[in-house]
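Protein chains in written order, with our numbering: chain A, 98 to 410; chain B, 95 to 352; chain C, 27 to 337.
Glycine included, every Cβ here is placed at the ideal spot set by N, Cα and C.
This structure is a prediction, so every number in the text was calculated from the model and none was measured.
Notes follow the structure.
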Amino acid sequence: MAAIEILGLQKTYMIGFWRRRPKTALRPLELTVEEGEVFGFLGPNGAGKTTTLKLLMGLVSPTSGTARILGMELGDARVPAQIGFLPEQPYFYDHLTGRELLTYYAQLSGVPEKERSSRVNTILARMGLEGSADMQLRKFSKGMLQRVGLAQAILHNPKVVFLDEPMSGLDPMGRREVRELIQELRSQGKTVFFSTHILSDAEALCDRVAVIHQGQLKGVGAVADLTSRSTGTVEIIFCATHVPQALKAICSETRVTGEMVNAVISQQQQETVLDVLRRERIQLISLTQVRSSLEEFYAAQVRPKSSGAGVGA
Amino acid sequence: MNSRIAFVAFNTFREAVRDRVLYNLIAFAVLISAAAILVGEISIDVERLVVVNLGLTAVSLFGVVIAIFIGIGLVSKEIEKKTLYTVLSRPVRRWEFVIGKFVGLTGTLIVNTFFMAIGVFLALFYVAHRLQRSDLAVLTALFFIVLEFLIVVALALFFSSFSTPLMSAVFTFALFVIGNLADDLRGFARITSGFAGIVASVLAFLVPNFSSFNVINQAAHGDAVPERLILYNTLYALLYSAMAISGAVLIFQRRNLK
Amino acid sequence: MNSSRRVSVVAGFVLLGSMACSVLALQAIDRFCMRPEVQQELYIHSSKMLRRLSLGYTGLLADVYWTRAVQYFGHQHHRNSNDFHLLPPLLRMATELDPHLIPPYQFGANFLAQKPPNGAGMPNEALTLMQYGIEHNPNNWRLYYNLGFLYFTEFKDYAKAADAFEAGAKLPVTNAFMPVLAARMAQHAGEFDTARMLWYTTYQSTTDGAIRDNAVKHLAALRVDEDVTHLEELVQKYRKLTKRLPESISDLERVGFIHGTPTDPNGKPYRLTSDGQIEVEDPQLIPYITKGVPSKDDSTANNSSPATTAQ
């Protein structure tokens with residue numbers, strides 16, 4: 098059973114003073130996410146990522162189309178217990194302590210009374226918040242708030258977790274922790290659906306990604322596929338203070354740093370370049386195939402004019 | 095289902111109680127009661143009158159301000175900032191949320207009023223040196239004040255379900271003021287004819303009618319309030335609150351949370 | 027979506043139901059609060075205090091008190107009450123807050139003086155109110171008219187009435203009847219025509235429905251008084267002619283004194299009693315009449331003293 102099936106979900110807002118002008122936030126979207134997948138939802142700001150999540154959470158009603166989570170239709174009362182949600186830059190009740198907040202969510206999620214405090218304690222420990230558990234939330238730092246947010250999203254052991262820009266505003270340590278958490282969730286067999294515009298995170302974590310732009314789905318593909326294709330170019334690094342005359346025409350994207358030169362050459366030119374380097378007695382440091390990156394796939398979807406390698410599968 | 099309402103209510107109560115604004119306002123109200131004692135020293139007979147009048151009026155006015163502040167702060171603000179997103183992704187239904195909020199807010203206000211009332215009674219005891227039977231009227235006046243709060247909170251919730259925090263506060267306060275003049279609005283409606291009369295009549299019945307709730311002066315004179323009035327007022331307050339809350343539920347059900 | 031729809035439907039029903047019931051509850055409260063035991067006194071008796079409290083919105087507050095005065099009067103009148111004790115202070119507050127608000131003066135002139143339940147029965151209060159009004163609005167002919175009217179109807183002081191009408195007639199803007207009324211006070215104060223002119227002027231001087239209605243009733247009563255007086259004169263004339271009282275009104279018709287059957291403003295024919303009095307069939311329907319009211323005791327025919335319109 099698919100964890101998430103989005104079937105033609107669409108959202109059009111009426112804006113303007115008299116609410117006459119339609120603004121399409123999301124064009125009909127078709128997407129399926131399998132159970133146990135970590136799925137990345139990529140796109141620039143305003144692309145429709147948050148709208149999609151809000152539609153799935155039932156915070157906003159769709160103009161048309163429907164979706165199913167774990168086989169249950171949106172609006173089915175059984176859905177909320179099985180999912181967790183972390184919105185972008187969440188805001189919580191200032192005057193509650195971390196523990197009280199999580200207990201509140203546990204109550205609302207239907208966690209039985211006997212298990213509540215142990216569950217809350219476990220989660221607090223897992224997210225590294227035991228020390229501040231009894232401190233009021235208004236004193237929490239941004240990173241701590243994000244951790245609390247994640248805590249409430251997974252505290253009731255949901256099968257599908259939805260995260261909206263989970264890394265936003267975090268320092269590198271924080272981002273790393275979130276990455277580890279997502280990997281842990283995957284190892285527990287949970288499905289993780291998260292939106293982000295940080296490609297390196299998506300590349301590192303996701304099984305599949307989708308790119309959305311201006312409300313429209315531009316492409317979907319498995320990360321492995323998208324990054325494995327060879328671009329037919331080679332990156333070469335050698336010891337020199339400048340690019341040798343003979344190579345100036347052949348090398349592109351040259352960069353000189355101190356006594357090292359980086360250059361990109363096409364695969365066919367490889368032998369020619371190596372000959373030149375040998376003749377001039379220039380030391381070769383490395384020679385690597387350039388692989389396509391997620392960035393190029395992304396850029397290709399978001400800016401159709403630029404030539405990108407690897408259009409989505 | 096019922097337990098979720100209770101959870102929301104309790105959480106609302108807790109959040110409200112910890113907000114320092116509350117305490118400042120309560121302290122202020124108690125201060126007014128103390129001031130009333132000084133003012134009353136103008137004449138011996140008038141002491142009790144002034145304490146009750148000034149004290150209860152302070153409780154009423156400050157209470158309404160608190161009701162609006164908390165009501166807006168805990169609901170409209172919650173909708174505007176995204177506290178609500180995570181809560182609604184839990185199994186709690188939207189209507190449970192609204193009703194839970196209402197119960198929590200009402201509870202907060204009752205506790206509030208209780209503390210402010212203690213200030214009034216202490217002042218009363220100080221000037222009268224004993225509590226008499228006629229002081230029961232003060233209790234009735236307080237009860238009516240709490241009923242007023244019920245209506246104000248329900249209205250605050252109603253406006254919060256579709257309006258920004260600032261506008262909700264403005265609308266609620268405006269309706270509170272109009273509600274105190276509703277008697278005259280109805281009188282005006284009765285002597286006007288034609289279209290204006292119809293509009294005035296409809297408005298006069300739609301706005302909350304607080305006129306019969308203000309028995310402060312009677313309490314000051316120690317006159318008992320008829321039981322029938324207590325019954326009618328309670329009924330009206332409950333009915334009107336139900337109206338506002340069901341309106342809030344209806345609107346909130348279909349609201350897109352941007 | 028099903029449960030969501032259900033919630034909306036339930037909420038909708040509760041909304042409508044509670045709305046309807048709250049209106050009912052409100053009406054019950056109204057009825058209860060209007061009972062004499064419960065009726066609340068004016069909280070504030072000092073208009074100075076009220077002025078200060080009104081934060082400058084004296085005009086609005088004046089309107090509010092004026093509205094309350096009308097409402098109060100209407101309510102007491104409807105219940106046939108004898109108690110109108112709140113009317114003078116209410117009117118006083120309205121005019122003290124806004125001395126240039128004319129309708130309260132007119133209302134007071136008409137309804138403060140008349141006896142209950144058609145009025146408050148406090149003619150002196152009415153006088154004070156008119157004088158206050160004139161003091162603050164010296165160029166408003168209506169107020170002079172009201173003053174003269176009061177002196178004429180309540181105090182029967184025709185000299186002072188004439189003075190008031192004359193003062194009003196001298197104003198730059200005035201009513202055409204004012205000088206006429208002034209003149210008539212001297213010689214013809216007691217005549218039907220004078221009273222009729224007066225009430226007609228009252229009718230003309232205001233757009234207030236209650237006052238106009240009252241004036242119309244007085245005019246109708248005047249007609250009855252006039253009819254009764256005239257018919258009784260004819261009865262006497264018949265007696266002089268035939269040496270006996272007529273058996274019925276048609277006797278008068280037979281000798282050519284009248285044509286057709288005379289009826290009162292409600293269309294009911296006048297009746298002739300055995301001792302020559304004329305009576306109205308249903309006096310309840312015509313307030314303010316002073317003649318033609320059936321009496322239990324046998325009184326001799328009245329002199330044809332003119333009816334005034336006081337009640």
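- A/Ala222 and A/Gln367 have their C-alpha atoms some 54 Å from each other.
- Secondary-structure assignment with DSSP links C/Pro295 through a beta bridge to C/Thr289.
- Chain-order list of chain B residues neighbouring C/Arg94: Asp278, Gly281, by C-beta distance under 7 Å.
- For A/His192, a Cβ of chain B is located within less than 9 Å of the residue's own Cβ.
- Non-local beta-carbon contacts of B/Ala314 in its own chain, meaning distances under 7 Å to residues more than five positions away in sequence, involve Leu143, Val146, Asn147 in chain order.
- Under DSSP, A/Arg118 takes part in a beta bridge, and its partners are A/Ile112.
- In the three-state scheme derived from DSSP, where H, G and I count as helix and E and B as strand, B/Asp317 is classed as coil.
- Of the residues C/Val254, C/Asp109, C/Pro142, C/Val90, the one whose Cα lies closest to the Cα of C/Arg118 is C/Val90.
- Here B/Leu155 is actually not in contact with B/Thr106; their C-beta atoms are around 23 Å apart, not less than 8 Å.
- For A/Gln243, no chain B residue has a Cβ inside 8 Å of its Cβ, as the nearest lies near 13 Å away.
- Under the Cβ criterion of 9 Å, C/Ser107 is not counted among the residues facing chain B.
- The beta carbon of B/Gln226 does not come within 9 Å of any beta carbon belonging to chain C, so the residue lies off that interface.
- Sorting C/His244, C/Ile237, C/Gly286 by C-alpha distance to the C-alpha of C/Gly100 places C/Ile237 at the top.
- The Cβ of B/Asp113 sits closer than 9 Å to at least one Cβ of chain A.
- Assignment of B/Arg112 by DSSP, reduced to helix, strand and coil, places it in the coil class.
- Counted as a single uninterrupted DSSP element, the stretch harbouring C/Met204 is not any beta strand (DSSP E) but the alpha helix (DSSP H) occupying residues 203 to 214.
- Between A/Glu134 and A/Ala174, the gap from beta carbon to beta carbon reaches 9 Å or more.
- A Cβ-Cβ distance of about 19 Å is found for the pair B/Val309 and B/Gly213, leaving them out of contact under the 8 Å criterion.
- Of the other Cβ atoms in all chains shown, 16 or more fall within 10 Å of the Cβ of B/Ile99; this residue is therefore buried.
- Sequence-distant partners of A/Arg283 (beyond 5 residues in either direction) whose C-beta falls short of 6 Å from its own C-beta, in its chain, are Val135.
- Classified as buried, B/Trp189 has 16 or more neighbouring CB atoms from the shown chains inside 10 Å of its CB.
- Only exposed fits A/Ala346, as fewer than 16 other CB atoms lie within 10 angstroms of its CB.
- The beta carbon of A/Leu193 is closer than 8 Å to those of Tyr201, Gln233, Leu234 in its chain, skipping five residues each way along the sequence.
- Residue pairing by DSSP puts A/Met357 in a beta bridge opposite A/Cys336, A/Thr354.
- Judged by DSSP in its simplified three-state form, A/Pro255 adopts coil rather than helix or strand.
- Judged by DSSP in its simplified three-state form, C/Thr121 adopts helix.
- Look at C/Ile55: its C-beta is under 9 Å from a C-beta on chain B.
- Legend: CB atoms of the segment 35 to 51 of chain C lying less than 7 Å from CB atoms of chain B belong to residues Ala37, Gly38, Val40, Leu41, Ser44, Met45, Cys47, Ser48, Val49, Ala51.
- A direct Cα-Cα distance of roughly 24 Å separates C/Ser44 from B/Ala263.
- Cα atoms of A/Arg305 and A/Asp322: separation of roughly 9 Å, rounded to the nearest angstrom.
- For A/Ile180, the residues of chain B that pass the 8 Å Cβ criterion are Ser183, in the order they occur in the chain.
- Segment contact: the segment 141 to 160 of chain C against the segment 173 to 189 of chain C, three or more CB-CB distances shorter than 8 Å; contact assigned.
- The CB of B/Phe101 comes closer than 7 Å to the CB of Tyr201, Gln204, Leu205 in chain A, given here in chain order.
- When beta bridges are read from the DSSP output, A/Ala99 appears opposite A/Glu131.
- For B/Gly341 against B/Pro302, the beta-carbon gap comes to about 13 Å, at or over 8 Å, which does not count as contact.
- If you draw a straight line from the Cα of C/Gly194 to the Cα of C/Leu224, it comes to about 14 Å.
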